[in-house]
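**Student:**
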Amino acid sequence: MSQATARHLLVDTEEECLAIKAEIEAGKDFAEAAKDHSTCPSNAQGGDLGSFGPGQMVPEFDKVVFSAPLNEVQGPVQTQFGYHLLEVTSRS
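Here full-length UniProt numbering is used: the first residue of the sequence shown is 1, the next is one more, and so on.
What follows is the structure, encoded as structure tokens:
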């Protein structure tokens, strides 16, 4: 079965998500951005979600995690929780 590791950050608005993405693209470390801005408890680990398989995350998240290029910031991805930026760090 496929497995992926990823990190993400979660915010309430698409505008906030886009502003944070611009910070990361300008050189801010993803983990620091997650610690500074994410409303998800994973923010304490820099947004690290660990390893998971298909179907363990919400469908909108799964679709990106199991198709996006590795180590590239993706998003905003909207789910019922808010707006995510995510980065797939490995996939097998």
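Even glycine gets a Cβ: it sits at the ideal position worked out from N, Cα and C.
#1: Under 7 Å between the Cβ atoms of residue 40 and residue 85?
#2: Going by DSSP, what residues sit across from residue 6 in a beta bridge?
#3: Residue 38: beta carbon under 6 Å from a heavy atom of the ligand SAM?
#4: Determine the contact status of residue 74 and residue 64, defining contact as a CB-CB distance below 7 Å.
#5: For residue 18, name the three-state secondary structure that DSSP assigns.
#6: Taking residue 45 as the reference, which of 28, 36, 70 has the closest Cα?
#7: Whose CA, out of 25, 13, 56, lies closest to the CA of residue 1?
#8: Once you ignore the five residues that flank residue 17 on each side, which residues in its own chain have a CB closer than 7 Å to its CB?
#9: Identify whether residue 42 lies in helix, strand or coil by the three-state DSSP scheme.
#10: So the candidates are 53, 81, 7; which of them puts its Cα closest to the Cα of residue 14?
**Tutor:** Considering the structure as presented:
#1: no
#2: 88
#3: Summarising the ligand content, the structure contains no ligands, and the ligand SAM is consequently not present.
#4: yes
#5: helix
#6: 36
#7: 56
#8: 11, 75, 76, 83, 85
#9: helix
#10: 81
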